[in-house]
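Enquirer: Just so we're aligned, residue 1 is where the sequence shown starts under UniProt numbering, counting upward by one.
Note that beta-carbon positions come from the ideal geometry of N, C-alpha and C, so glycine has one too.
It should be emphasised that the depicted structure is a prediction, and the values quoted were computed from it without experimental measurement.
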Amino acid sequence: MSDSKPLTIKRWSPEDRPREKLLLKGKSSLTDAELIAILLGTGTTTLSAVDVGKAILHASNNDLHTLASLSLKELTKIKGIGEAKAITIIAAMELGRRRKDLEVREKPKISGSRDVYELLKSDLMDLPHEEFWILLLNRANRVTKKFQISQGGVAGTVADPKIIFKLALENLASGLILAHNHPSGNLTASQADINLTHKLKEGAKLLEIQVLDHVIIAGQKYFSFADEGMI
């Protein structure tokens with residue numbers, strides 16, 4: 001009697017199984033077929049998930065760009081691919097496309113306080129309460145991330161240095177820009193604003209992070225500590 005059991009990857013040597021191989025040797029060690037096999041999860045009664053992955057690549061002329069263009073109907077014509085697996089492949093290829101689009105977009109560069117204002121005005125301009133935000137920059141002064149640190153009332157908000165430095169370290173920031181809004185429209189930096197800025201600047205020095213500016217947004221105007229020589 002012939003063996004009718006599926007040709008499962010579980011019977012392979014651990015180092016040849018795609019998931020285990022990824023854990024042992026890293027993602028770059030896997031072939032395209034093995035990566036697709038991880039997405040599929042299972043094969044058929046006669047084909048392993050890797051074999052199905054190879055069939056998918058063969059149908060795409062071994063070109064991932066061609067694979068990304070295949071429709072649900074075209075994918076389900078391949079042996080071992082049902083609707084659920086076809087949808088999984090389409091979703092994975094779409095994520096890859098979106099990541100590529102994001103990489104192409106150049107991160108905004110901060111050349112002065114006006115750039116900070118333009119980047120954050122939509123977040124802070126018309127709020128009825130105060131919020132504190134930070135911009136994280138790389139060595140080229142390009143913004144890598146922006147975060148809302150806190151939200152307060154009409155008269156103020158609390159910015160915890162521990163949270164700010166934690167985010168800066170986790171994201172390997174070289175530069176840091178502080179920002180908050182004044183719902184009242186007052187462009188004057190309070191003593192609390194000044195004290196916090198100096199405190200964060202001194203703390204950042206120990207972490208080899210430079211605090212480049214603190215911008216206060218008040219409606220369609222703004223105040224910059226850097227422009228005023230206060231940082």
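Jot down the residue ranges of each uninterrupted alpha helix (DSSP H) in the segment 75-133, minimum 4 residues, whole runs only, in chain order.
Expert: Correct list: 83-104 and 113-124.
Enquirer: Between valine 143 and alanine 49, what straight-line distance do the alpha-carbon atoms span, to the nearest angstrom?
Expert: If I take the Cα positions, the gap works out to 42 Å.
Enquirer: Can you name the start and end residues of the alpha helix (DSSP H) that aspartate 51 belongs to?
Expert: Element bounds for aspartate 51: 49-59.
Enquirer: For the ligand PLP, is there any heavy atom lying closer than 7 Å to the beta carbon of valine 211?
Expert: This structure does not include the ligand PLP; it has no bound ligands of any sort.
Enquirer: In this structure, how does DSSP classify asparagine 181 when only helix, strand and coil are distinguished?
Expert: In this structure, asparagine 181 counts as strand in the three-state DSSP scheme.
Enquirer: Which word fits isoleucine 87, buried or exposed, when buried means at least 16 other C-beta atoms lie within 10 angstroms of its C-beta?
Expert: It counts as exposed.
Enquirer: Measure how close the beta-carbons of serine 174 and isoleucine 209 come, nearest whole angstrom, since I'm counting them as under 8 Å.
Expert: The pair is a contact, with the Cβ atoms about 7 Å apart (cut-off 8 Å).
Enquirer: Between the alpha carbons of glutamate 130 and isoleucine 110, how many angstroms are there, rounded?
Expert: Rounded to the nearest angstrom, the two C-alpha atoms are 23 Å apart.
Enquirer: Determine the DSSP secondary structure at threonine 144, reduced to helix, strand or coil.
Expert: Three-state result, threonine 144: strand.
Enquirer: Please report how far the alpha carbon of residue 241 lies from the alpha carbon of lysine 100, in whole angstroms.
Expert: Outside the displayed range of the chain (1 to 231) lies residue 241, so it cannot be described from this structure.
Enquirer: Starting from glutamine 191 and walking both ways along the alpha helix (DSSP H), at which residues does that stretch end?
Expert: Where glutamine 191 is concerned, the enclosing alpha helix (DSSP H) stretches over 191-206.
Enquirer: DSSP three-state call for aspartate 213: helix, strand or coil?
Expert: Correct three-state label for aspartate 213: strand.
Enquirer: How would you write the range of the alpha helix (DSSP H) that lysine 27 sits in, first residue to last?
Expert: Where lysine 27 is concerned, there is no enclosing alpha helix (DSSP H), given that its DSSP letter is neither H nor E.
Enquirer: Where do the N-terminal and C-terminal ends of the beta strand (DSSP E) with serine 69 fall, by residue?
Expert: Taken as a continuous stretch (DSSP letters only), serine 69 belongs to no beta strand (DSSP E), being part of the alpha helix (DSSP H) at 64-69.
Enquirer: Ignore the nearest five residues each way along the sequence and tell me which others in leucine 70's own chain have a CB closer than 7 Å to its CB.
Expert: Ser60.
Enquirer: What are the residues that DSSP puts in a beta bridge with serine 150?
Expert: DSSP output for serine 150 lists Phe132 as bridge partner(s).
Enquirer: How would you write the range of the beta strand (DSSP E) that phenylalanine 223 sits in, first residue to last?
Expert: First-last of the beta strand (DSSP E) with phenylalanine 223: 221-224.
Enquirer: Could you check whether isoleucine 231 and residue 233 sit closer than 8 Å to each other, using their CB atoms as the reference points?
Expert: Outside the displayed span of the chain (1 to 231) sits residue 233, for which this structure offers no information.
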